[in-house]
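Accompanying notes for the structure given below.
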Amino acid sequence: MMARCLAGTLLGFPLAAALLALALQLLPDRGAAFLIPALILLFPLWTGVMAGAYMFRSGPRAWLVLGAANTLAFLALWAGRHVGS
Numbered sequence: 278m279m280a281r282c283l284a285g286t287l288l289g290f291p292l293a294a295a296l297l298a299l300a301l302q303l304l305p306d307r308g309a310a311f312l313i314p315a316l317i318l319l320f321p322l323w324t325g326v327m328a329g330a331y332m333f334r335s336g337p338r339a340w341l342v343l344g345a346a347n348t349l350a351f352l353a354l355w356a357g358r359h360v361g362s
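Per the numbering used here: the sequence shown ends with 362, consecutive numbering throughout.
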């Protein structure tokens, strides 16, 4: 139980941040108008990931899946910035 809690807490924040950064990157207008709403959505998204970590059967599985999701999200963020320029 504690392993799932830590996985959701420690890996959920960067995952939520990367997903919101991807959403901001995909918007056609990258102005500051969408930055404040995205920052407001960070906490509920992080809370959702933390709650979703309890759906895994075990702690190691939660660490594995959330770690893989972080890797994919940050690779997509990196690719979006380097391929687009």
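Using N, Cα and C, we set each Cβ at its ideal position, and we do this for glycine too.
Span of the alpha helix (DSSP H), counted from its first residue to its last, around residue i
{"i": "Leu304", "result": "It is not in any alpha helix (DSSP H) - Leu304 carries neither H nor E in the DSSP assignment."}
{"i": "Ala339", "result": "336-360"}
{"i": "Ala310", "result": "Careful: Ala310 lies outside any alpha helix (DSSP H) and carries neither H nor E."}
Buried versus exposed call for residue i [16 or more other C-beta atoms within 10 Å across all chains shown]
{"i": "Arg358", "result": "exposed"}
{"i": "Ala328", "result": "exposed"}
{"i": "Val326", "result": "buried"}
Reduced DSSP secondary structure (H/G/I, E/B, other) of residue i
{"i": "Met327", "result": "helix"}
{"i": "Phe320", "result": "helix"}
{"i": "Phe243", "result": "Residue 243 lies beyond the stretch modelled for the chain, which goes from 278 to 362, so this question has no answer here."}
{"i": "Met225", "result": "Not covered by the structure: residue 225. The range shown for the chain is 278 to 362."}
Rounded distance between the beta-carbons of residue j and residue i, thought under 8 Å
{"i": "Ala315", "j": "Leu301", "result": "6 Å"}
Among the options, nearest to residue i - alpha-carbon criterion
{"i": "Trp355", "options": "Thr286, Leu303, Gly285", "result": "Leu303"}
{"i": "Ala339", "options": "Leu296, Ala284, Pro321", "result": "Ala284"}
{"i": "Leu322", "options": "Ala280, Phe290, Ser335", "result": "Phe290"}
{"i": "Ala295", "options": "Ile313, Asp306, Val360, Leu319", "result": "Leu319"}
{"i": "Thr324", "options": "Ala298, Thr286, Phe333, Ser335", "result": "Thr286"}
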